[in-house]
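For reference, the structure discussed in these notes is given below.
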Amino acid sequence: MKQQFGKAILEKRFGDLKKNNKKIVKDSITEYSGADKLSEILTITDKKIYNSKELVEEVDSDKVLALEFINKLRMDLSIPPRVPHENLTKDQYKKIELIVFNEWKRINNSFIFERNLEIWRQFWLTCERSEVIVQIVDSRNPKFFLNKDISKMYPNKKHIILSNKSDLTTRRDNSLIHQIHYYSATNEKNILDFIFELDCGVIGFIGYPNVGKSSTVNVIVQDKRVRVSQTPGKTKHIQTIKLSNSKTLIDCPGLVFPKHSKTDLLLHGILNVDTILDLKTSLYEIIKFIGIYKLTKHYNLPLFENDNRFPLEINFINNMADYKQWSTTTCLKNIVKDLCAGSIQYEKIEEVLNIKNSYRWIDQ
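Below, the structure written as structure tokens:
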């Protein structure tokens with residue numbers, strides 16, 4: 006049994022030598038489990054080639070070249086660096102690209118993020134082909150969804166922010182948003198007019214899963230071209246849509262960047278709460294993020310006695326579980342789902358004021 010397990014791990018790391026053609030996995034992968042997780046750990050932590058003092062075996066020229074790229078490229082961004090392809094053969098490039106990507110994954114391994122290189126290739130292509138890069142963010146907490154590293158990686162592109170889901174914020178906070186946005190649109194026609202008035206041929210759409218990117222694309226093309234779902238990450242492949250003879254839209258699959266904790270990703274609808282096994286570990290953060298008063302009011306819960314032997318959050322969730330006849334996990338799942346659907350409102354508008362005015366804002 007141990008021998009079979011060991012063989013499986015080796016095959017996952019180095020491939021089956023008898024099989025030369027490996028199927029390309031194009032699905033989004035933000036977190037591994039079981040043998041896949043162990044395989045990835047073994048792969049990204051085996052970095053002796055990056056420290057010449059610890060070399061115990063001869064390294065090949067491709068690995069040495071990969072080290073040179075790692076030292077030159079921006080490994081500190083929340084986006085994996087794009088390896089230049091000049092003067093490299095196809096096989097060399099694939100090998101070096103993977104080594105550099107694995108090192109970037111190792112650096113960011115404490116975060117949850119997109120771990121499939123194929124998805125990142127689609128991101129690179131979208132940005133490289135686009136004259137204008139549009140980041141779609143959630144109006145309830147724009148700063149959380151905005152990735153400034155994109156403009157750092159592509160400084161010669163024009164960058165625009167489309168603030169979506171403004172209907173899920175309060176009227177008071179919406180007014181705050183409009184005060185700081187460079188451009189504001191409140192209906193479909195204005196968004197269409199803005200897109201078609203852009204002086205460019207190719208527009209790229211970038212964003213986290215479940216920020217409403219697919220819905221926005223459908224508004225622009227006035228067609229159900231892109232499937233829309235409450236499940237994060239429905240768009241799995243890059244899509245090129247011809248808007249007119251002179252204008253093209255490129256829709257990139259939603260990406261999770263290595264910037265946030267698992268709980269933060271849950272609370273912002275980026276991770277699917279139904280797939281999380283250890284939800285109870287996020288109990289305190291979930292309740293504190295929304296607030297006990299707001300939760301009690303939303304679920305019409307009765308007053309409860311705060312047993313000082315336990316934290317307030319524990320007393321609250323026990324009261325909710327007893328009153329609703331739900332398990333603790335079911336309570337937490339319903340809270341997260343109601344929050345993401347907008348029936349529980351939250352806003353983080355004040356954080357937007359710290360964002361530099363280097364973008365043009367669209368409020369859908």
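All letters in the sequence shown, in the order written, are residues 6 to 369 by the numbering used here.
For glycine and all other residues, C-beta sits at the position ideal for the given N, C-alpha and C.
So, does the region 132-141 touch the region 159-166, judging by three or more C-beta pairs under 8 angstroms? yes
So, helix, strand or coil for L70, using DSSP? helix
I want to see whether chain B comes within less than 9 angstroms of N313, judged by CB atoms only; does it? Reference to chain B is not applicable here, since this structure consists of a single protein chain.
Let me know the secondary structure DSSP gives F106 once reduced to three states. In the three-state reduction of the DSSP assignment, F106 falls in the helix class.
On a Cα-Cα basis, can you pick out the residue from L103, T94 and V341 that is closest to I75? L103
Going straight from the alpha carbon of K329 to that of F128, what length do you get? Taking the Cα positions, K329 is about 44 angstroms away from F128.
Burial state of P85, where buried means 16 or more other Cβ atoms lie within 10 Å: buried
Where K247 sits in the DSSP three-state scheme: strand
Enumerate, from N- to C-terminal direction, the unbroken alpha helix (DSSP H) stretches of 4 or more residues contained entirely within the region 241-319. 267-272, 288-295 and 297-303
Taking DSSP as the reference, what is the three-state secondary structure of L151? coil
What does a CB cutoff of less than 7 angstroms around I281 pick up in its chain, not counting 5 residues either side in sequence? L271
Pop quiz: K285 and T333 are said to be a contact at Cβ under 8 angstroms. What is the actual Cβ separation, rounded to whole angstroms? 6 angstroms
Mind checking who D143 pairs with in its DSSP beta bridge? N169
Considering only their Cβ atoms, is the gap separating F210 from L254 smaller than 9 angstroms? yes
I'd like the list of long-range same chain contacts for L306, defined as Cβ closer than 7 angstroms, with 5 residues on each side in sequence excluded. Result list for L306: N324, M325 and Y328, in chain order.
Reducing DSSP to helix, strand and coil, say where K163 ends up. strand
Here's the rule: buried if 16 or more other CB atoms are within 10 angstroms of the residue's CB, otherwise exposed. What is H410? Given a span of 6 to 369 for the chain in the structure shown, any question on residue 410 remains unanswerable.
Round the Cβ separation of I275 and Y213 to the nearest angstrom and send it over; I've been treating them as touching at under 8 angstroms. At roughly 5 angstroms, the Cβ-Cβ gap stays under 8 angstroms, so I275 and Y213 are in contact.
From the DSSP output, in three-state form, read off V370 for me. Residue numbering for the chain in the displayed model covers 6 to 369; residue 370 lies beyond these limits and cannot be assessed.
What number of angstroms, rounded off, separates the C-alpha of D339 from the C-alpha of D279? The residue you asked about is not Asp; residue 339 is Asn in the sequence shown. Distance between N339 and D279, taken at the CA atoms: about 10 angstroms.
Give the single residue among I291, I319, K252 and V216 whose Cα lies nearest to the Cα of Q140. Minimum Cα distance to Q140 is reached at V216.
In chain order, what residues of the same chain have a beta carbon less than 7 angstroms from the beta carbon of K52, not counting five sequence neighbours either side? Low per-residue confidence applies at K52: pLDDT is 48, beneath 50, and the placement is therefore not dependable, though the value from the model is reported in the following sentence. So the qualifying residues of the chain are E108 and R111.
Exposed or buried, which one is G259 when buried takes at least 16 other CB atoms within 10 Å? Under this definition G259 is a buried residue.
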